[in-house]
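Enquirer: Questions regarding the structure given below will be posed in turn.
This is the structure in C-alpha cells:
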C-alpha cells in the first residue's frame, strides 16, 4: 500500500466567451459545471479523499474545486489557495507537493496545463495522451501513490478523463 497519495486534478472546462476581464478570472462553462461534481462523485465512490488541498487562485480552479467538494460530500479539508499555482511549472509544483506532504498522507492539487501534464508524465510515463495530445484534459484526474517518504517511487493508482 502506498505511503503517500497524490491526487492531481486539472480544472474543468472553462468559458472562453465569458465577460471575464482576464484569463485568471475566467469561470467554468456549462460542461465544466457538469463535469466537476462528477469527478467529485468518482473520487468519493473510489475512496479517494485528500487530507489537504492545494488550489490555484484562478476562478476556474476554485470553481472546479467547490463543485468537486459538493459532488464528493467532503467537509473540512484544509485548503491552500495560491496564486503561485496559476500556470506553475513542474519544479514549482513538485516543490509545493513535497511541502504539502510534510503534514499529510493524501494531497490534492488543482491546477492547469501544462503543469499538470508535466507532473503526470514525470510520475506516470506509462500513460498515453488523449486524442488532443494532452494527458490531463479538462477535469482529468490522476491518483498517484508513492511507496517512500521522499516521493521517488511513484505508481499510478487510478486515472479518469471525463
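Numbering (the numbering used here), first residue to last: 13 to 174.
Beta carbons are placed, not taken as given, at the ideal position from N, Cα and C, and that holds for glycine.
Predicted, not measured: the structure shown is a model, and the values here were computed from it.
1. According to the Cβ coordinates, are residue 95 and residue 56 closer than 9 angstroms?
2. Pick from 113, 49 and 154: whose alpha carbon is nearest that of residue 162?
3. Need the endpoints of the alpha helix (DSSP H) that residue 109 sits in, please.
4. How many angstroms separate the CA atom of residue 174 from the CA atom of residue 131?
5. Which class does residue 164 belong to by DSSP, given the choice of helix, strand or coil?
6. Return helix, strand or coil for residue 120, following the three-state DSSP convention.
7. Taking one C-beta from the segment 95-104 and one from the segment 146-158 each time, how about it: are there three or more such pairs within less than 8 angstroms?
8. If we count Cβ pairs, one from each stretch, closer than 8 angstroms, do we get three or more for the segment 36-44 versus the segment 73-88?
Expert: According to the data block:
1. Counted from its first residue, the chain shown places residue 95 at position 83. Counted from its first residue, the chain shown places residue 56 at position 44. No.
2. Looking up residue 162 in the chain shown gives position 150. Nearest Cα to residue 162 within the set 113, 49 and 154: 113.
3. As a position in the chain shown, residue 109 is number 97, starting the count at 1. Residue 109 -> alpha helix (DSSP H) spans 102-112.
4. Position 162 of the chain shown, counted from the first residue, corresponds to residue 174. Position 119 of the chain shown, counted from the first residue, corresponds to residue 131. Distance between the alpha carbons of residue 174 and residue 131 is about 19 angstroms.
5. Counted from its first residue, the chain shown places residue 164 at position 152. DSSP places residue 164 in coil when its eight states are reduced to three.
6. Here residue 120 is taken as the residue at index 108 of the chain shown, counted from 1. Correct three-state label for residue 120: strand.
7. no
8. These segments touch.
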